[in-house]
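Engineer: Just dropping this structure here.
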Amino acid sequence: MKVYIETYGCQMNEYDSEIVKSILREKAYALVDSAEEADIILLNTCSVRENASRKVIARVHALRHLDDGRKKIGLIGCMPTNHRRDLIADAKLPIDFIAGPDSYRRLPSLIEENRVSGLKTCDVRLSRSETYSDVHPFRTGGANGWIAVMRGCDNFCTFCVVPYTRGRERSRSVENVVAEARRLAAAGYKQVTVLGQNVNSYQHDGHDFAYLLDKISEVEGLQRIRFTSPHPKDFPTSLLKVVAENLKVCKHIHLPLQSGNSRILDLMNRTYGKEDYLALVDKIKSYYPAMALTTDIIVGFPTETDEEFADTVDVVRRVQFDAAFIFKYSERKGTIAARKYPDDVSEEKKTERIVRLNTLQKQISLAKNKAHVGQVEDVLIESLMTKKSPADMQGRNDGNKLVILPKGGGYDIGDFIKVRITDASAHVLKGVII
Ligand code: SAH
Ligand code: SF4
Ligand code: F3S
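Start counting the sequence shown at -18; every next residue gets the next number (this note's numbering).
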């Protein structure tokens, strides 16, 4: 049987798709690169915002038009746990099986049971212990290797569906993670990105995330270590020291703000206020002034007023993020916010606020990027083409900014090169090999 997997959502899903590929290969499934060739199509789905779910449903219908109904389509990932009833009950949704993020070992049996019975099969049970720590993800190369070190989330931010789709927090052992990092280094990977819904909740046998990062950095051959995402409520000094001082750990922190207003942050159950966030940023900058900072922001959370939104604008102005991912609040069924707070900020207001923040952030990103012009930076090559040109290649600097440069020097994906930055826009740096 030939399987094709398409991945939506966050990097955790990217990693999980590699886990799923590994599990299926063990059972003698063959992996193929297109839906056309496949007998089984898996969509590894995201449910974090309504748009993400809508995209997947549209894709299912489009895929069904490809074939005469013989292909099996399965949804895996975050939609199955969140929308299990709708997905199973909706007779018009042409899918064959669903599996949640903790059920991937059961995929071969779900596929087989569906083949035998012709009925939709389902396993969306969440586990307190599953970390797939004995599964070696199936990777296909590139510059970066993902490693999920913890799964689940216990934070219950009121807007967020992740604690329901992925269940309780659990961490892998330090030795197990380091062994995976060693395998990556041995396979030629120069960079690892350490993943968790909330990496600073990592905890195993008394070891915390700062300790884990340090241990990973001791792996020979690895040159860059990234991580995502930490939560601003618990960013310990020990972790800040590792990020600031360890030469292999990239000088970039993705620090989700969500809102700059303390009342809204309280309704979101973020457990920090505006001043706490600003104080943490000051502390980060006192340890490492040039630290690249990026963030996530939600506009139009229920009851957010214009004045409260102005606090978010104020924080964005004061922090000067290198980049920000800004979203309109999207009500998610089953979350605390959906139960307690009506989605009462109008679509027009949400649009007005997102446009305003994006415009401001674009100016800030442009100014920050322009400041790189003339500098020489280490770039890890990720791709031998860009969206716009096959004559260019692209990679990332230490701060995770995309750098585009003309191909040359026989360099390949995974190579580190010294690049002089010659130009910058709000989204990319441009440079030449030196
Ligand atoms: N675990 C990560 C976030 C995962 S979701 C963390 O805490 O950093 C990625 C981002 O999606 C969140 O940071 C948030 O900004 C956004 N998001 C989550 N739920 C949302 C919702 N209901 N509506 C709009 N944006 C949402
Ligand atoms: Fe969602 Fe909050 Fe957990 Fe992030 S920390 S996954 S936003 S509940
Ligand atoms: Fe989406 Fe699940 Fe990731 S909801 S953002 S795929 S954890």
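In this text, a Cβ means the ideal position worked out from N, Cα and C, and glycines have one as well.
Just verifying my parser: in three-state terms, what is the DSSP assignment at H42?
Structural biologist: It is helical.
Engineer: Quick one: complete beta strand (DSSP E) runs, 3+ long, within the segment -7 to 71?
Structural biologist: Complete beta strand (DSSP E) runs here, min 3: 21 to 26, 53 to 58.
Engineer: Determine which residues share a DSSP beta bridge with M366 and list them.
Structural biologist: M366 is not bridged to any residue.
Engineer: Going by alpha carbons, who is nearest to Q172 out of I414, I415, G395, V413?
Structural biologist: Checking every option, the nearest Cα to that of Q172 belongs to G395.
Engineer: According to DSSP, is S110 helix, strand or coil?
Structural biologist: S110 falls in the coil class under three-state DSSP.
Engineer: Within 7 Å: the Cβ of H235 and any heavy atom of ligand 2?
Structural biologist: Not under cutoff, so the answer is no.
Engineer: Less than 8 Å between the beta carbons of I335 and V280, yes or no?
Structural biologist: Result yes, Cβ atoms of I335 and V280 sit closer than 8 Å.
Engineer: Cutting at 6 Å between CB atoms, please list the residues of its own chain near F290, excluding the five before and the five after it.
Structural biologist: So the qualifying residues of the chain are R334.
Engineer: How many Å lie between K266 and K222 at the Cα?
Structural biologist: So the two alpha carbons sit approximately 12 Å from each other.
Engineer: Starting from T275, follow the beta strand (DSSP E) in both directions and report where the run begins and ends.
Structural biologist: Taken as a continuous stretch (DSSP letters only), the beta strand (DSSP E) holding T275 covers 273 to 280.
Engineer: Since L248 and I278 should fall inside the 8 Å C-beta cutoff, what is the C-beta to C-beta distance between them, to a whole number of angstroms?
Structural biologist: Not confirmed; about 15 Å, so no contact.
Engineer: Rounding to the nearest angstrom, what Cα-Cα distance links N481 and D189 in this structure?
Structural biologist: Any question about residue 481 goes unanswered here, given that the chain covers just -18 to 415.
Engineer: Quick check on the DSSP output: the beta strand (DSSP E) that includes F119 runs from which residue to which?
Structural biologist: Where F119 is concerned, there is no enclosing beta strand (DSSP E), given that its DSSP letter is neither H nor E.
Engineer: Would you mind stating whether I65 and S311 have Cβ atoms separated by less than 8 Å?
Structural biologist: It should be noted that the sequence gives Arg, not Ile, for residue 65. No, the pair does not count as a contact, with Cβ atoms beyond the cut-off.
Engineer: Can you tell me whether H185 is buried or exposed? The criterion is at least 16 other CB atoms within 10 Å of its CB, across all chains shown.
Structural biologist: When all chains shown are included, H185 counts as buried.
Engineer: Go ahead and pull the three-state DSSP assignment for L203.
Structural biologist: Coil at L203, not helix or strand.
Engineer: Enumerate in chain order the residues of its own chain whose CB-to-CB distance from L56 is below 6 Å, with the five nearest sequence positions on each side excluded.
Structural biologist: Counting only Cβ-Cβ distances below 6 Å, and skipping sequence neighbours, we find L24, T26, I76, I79.
Engineer: Measuring CA to CA, which of R45, S3, A167 is closest to R87?
Structural biologist: Among R45, S3, A167, the Cα nearest to that of R87 is on S3.
Engineer: Where does the unbroken beta strand (DSSP E) through L176 begin, and where does it stop?
Structural biologist: Per DSSP, L176 belongs to the beta strand (DSSP E) from 172 to 176.
Engineer: In terms of residue numbering, what span does the beta strand (DSSP E) encompassing Q344 cover?
Structural biologist: Q344 -> not in any beta strand (DSSP E); alpha helix (DSSP H) instead, spanning 328 to 351.
Engineer: Does the segment 371 to 390 touch the segment 351 to 360, meaning 3 or more C-beta pairs lie closer than 8 Å?
Structural biologist: Flag = yes, the segment 351 to 360 and the segment 371 to 390 touch.
Engineer: With which residues is D189 paired in a DSSP beta bridge?
Structural biologist: According to DSSP, which records beta bridges pairwise, D189 is partnered with Q184.
Engineer: List the DSSP bridge partners of P387.
Structural biologist: BP columns for P387 point to D373.
Engineer: Under a Cβ-count criterion, where at least 16 other Cβ atoms within 10 Å of its own Cβ denotes burial, should V326 be classed as buried or exposed?
Structural biologist: Answer is buried; the Cβ neighbour count reaches 16.
Engineer: So, for R40: in the same chain, excluding its five sequence neighbours on each side, which residues have a beta-carbon less than 7 Å away from its beta-carbon?
Structural biologist: The residues are L24.
Engineer: The beta strand (DSSP E) that contains D104, what's its start and end?
Structural biologist: 102 to 104 is the span of the beta strand (DSSP E), which, as asked, contains D104.
Engineer: Could you check how far apart the C-beta atoms of T102 and E94 are, in whole angstroms? I think they sit under 8 Å.
Structural biologist: About 5 Å; that satisfies the 8 Å criterion.
Engineer: Taking the CB atoms as reference points, tell me whether A19 and V(-16) lie closer together than 8 Å.
Structural biologist: Cβ atoms of A19 and V(-16): closer than 8 Å.
Engineer: Cβ atoms of G133 and R418: under 8 Å apart, would you say?
Structural biologist: A question about residue 418 goes unanswered here, because the residues of the chain that appear run from -18 up to 415.
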